[in-house]
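Oh and the sequence shown: position 40 is 40 in the UniProt record's numbering, straight run, nothing missing. Worksheet: one structure, shown below.
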Amino acid sequence: MAATVKYDEVEVGQEIPAADYPVRRINLVMYAGASGDFNQIHWNERFAKTVGLPDVIAHGMFTMAQAGRFVTDWAGDPGAVVDYGVRFSSMVVVPDDDEGTVITVSGVVEEKLEDKRVVVALTAKCADSRVLSKARALVQLS
């Protein structure tokens with residue numbers, strides 16, 4: 001599989017339209033099963049509040065995965081992501097209701113490099129808080 005985005009068709013400063021990723025408690029339970037991270041702060045409201053959190057919070061790596069998904073959806077090939085890193089800057093609080101919350105991810109082409117690679121700067125927000133900082137992906141385009 002190869003990236004569907006062509007290097008010659010992107011420019012520095014080009015914005016990648018935002019995408020919304022809904023998050024409900026069931027998503028956290030499914031992620032816990034896949035990752036093996038069953039820390040109670042990710043599914044037990046009583047425990048989360050006991051340790052000083054406002055409510056159950058999403059796994060940091062779950063949040064990071066949503067931003068990674070944004071990049072792979074844009075590039076058209078999961079293998080196009082050569083490098084990816086973030087810092088966690090705020091919690092994604094997930095209420096126990098039918099709506100949950102939403103992580104909104106957007107991006108901008110920050111730099112064009114040799115060998116048809118680009119650096120994409122990502123912004124991930126939840127409820128007006130930036131939940132990832134210094135989020136960057138190095139992407140191999142076609």
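Idealized CB from N, CA, C, for every residue including glycine.
Beta carbon of residue i nearer than 8 angstroms to that of residue j
{"i": "LYS116", "j": "TYR21", "result": "no"}
{"i": "ARG25", "j": "VAL51", "result": "no"}
{"i": "PHE70", "j": "ALA3", "result": "no"}
{"i": "LYS64", "j": "LEU132", "result": "This sequence places Met at residue 64; Lys is not what is there. Yes, they are a contact pair."}
{"i": "VAL10", "j": "ALA75", "result": "no"}
Per DSSP, cross-strand counterpart(s) of residue i
{"i": "residue 143", "result": "The chain is shown from 1 up to 142; residue 143 falls before or after that span and cannot be answered."}
Distance between residue j and residue i (C-alpha atoms, nearest Å)
{"i": "GLY68", "j": "VAL120", "result": "11 angstroms"}
{"i": "GLU45", "j": "GLY33", "result": "18 angstroms"}
{"i": "TYR31", "j": "ASP37", "result": "8 angstroms"}
{"i": "VAL81", "j": "VAL108", "result": "15 angstroms"}
{"i": "LYS49", "j": "VAL86", "result": "26 angstroms"}
{"i": "THR101", "j": "TYR84", "result": "24 angstroms"}
{"i": "LYS134", "j": "GLU110", "result": "12 angstroms"}
Quick check: the segment 85 to 96 against the segment 1 to 17, are there 3 or more CB pairs under 8 angstroms? no
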